[in-house]
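Per the working numbering, the very first residue in the sequence shown carries number 7; after that it's consecutive. Using N, Cα and C, we set each Cβ at its ideal position, and we do this for glycine too.
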Amino acid sequence: MNEKEPPTSNAPLKKQEESQLRDQARLFGNVQFIYELILAQLELRSLGAVFEMTDGFSSFRLLDVEDEERLKRQLAYFQTVRGENTDYVCISQKNRTRSVNQYLTHWIYPYKGKFHPQLVRAALNIIGLRPGDTVLDPFVGSGTTALEAQLLGVNCVGFDASPLCVLQSRVKTASHEVVDKIRERCVELAGVKQEGMTLHEAALRNALSSTADQRVGNFFTLAELVALSDNVRRKRDITAAFAAKTKLMVQSVTDYDQIRKELRLSLGRAAIERGDARALPVRNNSIDGIVTSPPYAIALDYIKNDAHALQALGLDTSEIREQFIGLRGRMKDRVCLYDEDMKRSLEEMMRVLKPNRYALIVIGNAVFGGTPLRSVELITEHANDIGLQLTKSVDKTIFGLYNVMQKEKVLIFKKDEEST
Ligand SMILES: C[S@@+](CC[C@H](N)C(=O)[O-])C[C@H]1O[C@@H](n2cnc3c(N)ncnc32)[C@H](O)[C@@H]1O
Numbered sequence: 007m008n009e010k011e012p013p014t015s016n017a018p019l020k021k022q023e024e025s026q027l028r029d030q031a032r033l034f035g036n037v038q039f040i041y042e043l044i045l046a047q048l049e050l051r052s053l054g055a056v057f058e059m060t061d062g063f064s065s066f067r068l069l070d071v072e073d074e075e076r077l078k079r080q081l082a083y084f085q086t087v088r089g090e091n092t093d094y095v096c097i098s099q100k101n102r103t104r105s106v107n108q109y110l111t112h113w114i115y116p117y118k119g120k121f122h123p124q125l126v127r128a129a130l131n132i133i134g135l136r137p138g139d140t141v142l143d144p145f146v147g148s149g150t151t152a153l154e155a156q157l158l159g160v161n162c163v164g165f166d167a168s169p170l171c172v173l174q175s176r177v178k179t180a181s182h183e184v185v186d187k188i189r190e191r192c193v194e195l196a197g198v199k200q201e202g203m204t205l206h207e208a209a210l211r212n213a214l215s216s217t218a219d220q221r222v223g224n225f226f227t228l229a230e231l232v233a234l235s236d237n238v239r240r241k242r243d244i245t246a247a248f249a250a251k252t253k254l255m256v257q258s259v260t261d262y263d264q265i266r267k268e269l270r271l272s273l274g275r276a277a278i279e280r281g282d283a284r285a286l287p288v289r290n291n292s293i294d295g296i297v298t299s300p301p302y303a304i305a306l307d308y309i310k311n312d313a314h315a316l317q318a319l320g321l322d323t324s325e326i327r328e329q330f331i332g333l334r335g336r337m338k339d340r341v342c343l344y345d346e347d348m349k350r351s352l353e354e355m356m357r358v359l360k361p362n363r364y365a366l367i368v369i370g371n372a373v374f375g376g377t378p379l380r381s382v383e384l385i386t387e388h389a390n391d392i393g394l395q396l397t398k399s400v401d402k403t404i405f406g407l408y409n410v411m412q413k414e415k416v417l418i419f420k421k422d423e424e425s426t
């Protein structure tokens, strides 16, 4: 006769686990740095939760929650709230590349010095932005702030000196609106003779792809530029690269449209323009929050890096260089101009921000001529002089730009009430 198995402690343990889950907010497994843990706490607090840390730094016990639904809809660093998945679980897994942080349309153009999307989502929460508010990114780059704001229902006004950045940010945030037209255009383009296409012919195809709807034209222009980049950098056949890239891009836009519907997201509006962070075409005291990271151009020549794409767009790179913070002047002059330009940009942020609102700036001390610059100190001191009070400074580890910069800081400033 078989002896009965001794009773396992599974049942009571499961119950215990379940009851623990019910009062917890659990972090994603990829949250591994101290700065992420700090930001996770800040966003939880900002979204109206009172909590205490539990053992193992992997979850927080929720003691009081203002709006549980809001936590689930908005949190960035948390996988579950009281045992239920947050929206970000679906969002961050949709059309994800091998890199954990590249999902939906984030990855469609290779751009150096991008923000971490998860950090940006948390940043928007931390500075108290809610659906319908407007965030500004005066250095919008590849559009990370614009896309993450859009997903949270926050409107974004973004500027960049580089037309290539404006193009990619627009494509990432507007293509889902015209996904059907993009698919139709793909079929038409497949009918165009593509065998043995030269660069000149490819440029023609580019012109051909522009349609009455600028959003559709932008999508194919960007696909062409990615193909060109593959051709210039990796010697890949441009026609094959265009076909492969277009297919992937269409999929990412389709996925974006799908997730929007599945999660019933009410997307924010994104308005991206070419502009100069030192002279923003924005009204005084009109912005609810700022999330940005200024150029590392002093250590990383963006214009040189993207020269082939900028030229293909018919642009004069020397003219763009003149507007570019960090690329103006030579040697010592360059450092002085960089500092001056950074101060002017900060003054503009201060001017357009509403009183009692926050600007979150991710910045590090770039290395120039072997010496780290003092941008963090400069920004902090100047901010204080003009009425932006530093409320939080968090050290952030960075990867991939070791020769240029090793550490960054997440600085959170609040605009004084009196400074209007
Ligand atoms: C560090 S990148 C921003 C990257 C961005 N956070 C992202 O996730 O892609 C800084 C950006 O500043 C832009 N820039 C340089 N000078 C500028 C200026 N005067 N006004 C506006 N943007 C400028 C560069 O083109 C670059 O895209």
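Quick check on this structure: which residue in Lys360, Cys162, His122, Asn107 has the alpha carbon closest to the alpha carbon of Gly138? Looking at the Cα atoms, Cys162 is the closest of the given residues.
Cβ pair Leu48, Leu33 closer than 9 angstroms: Going by C-beta atoms, Leu48 is not nearer than 9 angstroms to Leu33.
For Lys398 and Val141, I'd like the C-alpha separation in whole angstroms. 19 angstroms
List the residues that DSSP assigns as beta-bridge partners of Glu279. Beta-bridge annotation (DSSP): Glu279 is paired with Phe165.
Residues in the same chain with beta-carbon distance under 6 angstroms from Arg88, minus the five sequence neighbours each way, listed in chain order, please. Arg28
Would you kindly work out how many angstroms separate the C-alpha atoms of Val56 and Thr92, rounded to a whole number? 18 angstroms
Which two residues bound the contiguous alpha helix (DSSP H) that contains Ala365? Element bounds for Ala365: not the alpha helix (DSSP H) but the beta strand (DSSP E), 359 to 370.
Integer-rounded CB distance, given that Phe121 should sit under 8 angstroms from Ser299: 6 angstroms
Closer than 8 angstroms is the cut-off here; do at least three beta carbon pairs connect the stretch 110 to 127 with the stretch 172 to 182? yes
Mind checking whether the beta-carbon of Cys171 lies closer than 8 angstroms to any heavy atom of ligand 1? Checking every heavy atom of ligand 1 against the Cβ of Cys171, one is found closer than 8 angstroms.
Beta-carbon proximity of Leu319 to Leu170, cut-off 9 angstroms: yes
Kindly list the residues whose CB is nearer than 8 angstroms to the CB of Leu228, restricted to its own chain and excluding five residues on each side of it in sequence; keep chain order. Ile114, Tyr115, Leu173, Gln174, Val177, Met255
Express the C-alpha separation of Ile385 and Val400 in angstroms, rounding to a whole number. It is roughly 15 angstroms from the alpha-carbon of Val400 to the alpha-carbon of Ile385.
Give the straight-line distance between the Cα atoms of Val341 and Tyr308, rounded to the nearest whole angstrom. 17 angstroms
Compute the beta-carbon to beta-carbon distance between Ile265 and Lys100, rounded to the nearest angstrom, for a pair I have assumed lies under 8 angstroms. 5 angstroms
Hey, could you find the ends of the alpha helix (DSSP H) Gly295 is sitting in? Counting along the chain, Gly295 falls outside any alpha helix (DSSP H), though it belongs to the beta strand (DSSP E) covering 293 to 298.
Please go through the same chain and pick out, in chain order, the residues whose beta-carbon is closer than 7 angstroms to the beta-carbon of Gln108, but skip the five residues on each side of it. Excluding positions up to five away in sequence, the list reads Arg102.
Between which two residues does the beta strand (DSSP E) containing Glu6 stretch? The chain is shown from 7 up to 426; residue 6 falls before or after that span and cannot be answered.
Identify, in the order they occur along the chain, each residue of the same chain with its Cβ nearer than 8 angstroms to the Cβ of Leu352, setting aside the five sequence neighbours on each side. Ile385, His388, Ala389, Ile392, Leu394
Where does Glu42 fall in DSSP's three states? helix
Between Leu234 and Asn131, which are expected to be in contact by the criterion C-beta below 8 angstroms, what is the C-beta distance as a whole number of angstroms? Not quite, the Cβ-Cβ distance comes to about 38 angstroms (not below 8 angstroms), so this is no contact.
Nearest to Arg51 by alpha carbon, out of Tyr83, Ile40, Gly147, Lys420? When each option's Cα is compared against that of Arg51, the closest is Tyr83.
Given the structure, does Ser324 come close to ligand 1, in the sense that its CB is under 8 angstroms from one of the ligand's heavy atoms? no
Does DSSP classify Lys338 as helix, strand or coil? helix
Would the beta-carbon of Lys413 be found less than 8 angstroms away from any heavy atom of ligand 1? no
Between Leu68 and Ala129, is the Cβ-Cβ spacing less than 9 angstroms? no
Between which two residues does the beta strand (DSSP E) holding Thr140 run? 140 to 143
Minimum C-alpha distance to Tyr364 - residue among Glu328, Met355, Cys96: Met355
Just tell me which of Glu424, Ile244, Phe39 has its CA closest to the CA of Phe63. Phe39
Using the C-alpha atoms, what's the distance from Gln329 back to Arg284? 9 angstroms
Would you check whether ligand 1 has a heavy atom nearer than 8 angstroms to the C-beta of Tyr117? yes
Please give me, in chain order, every unbroken run of the alpha helix (DSSP H) with length at least 4 that falls completely inside the stretch 63 to 139. 74 to 80, 93 to 99, 123 to 132
Bridge partners for Lys402 per DSSP, in chain order? Glu414
Given a cut-off of 9 angstroms on the beta-carbon distance, is the pair Asp347 and Leu379 in contact? no
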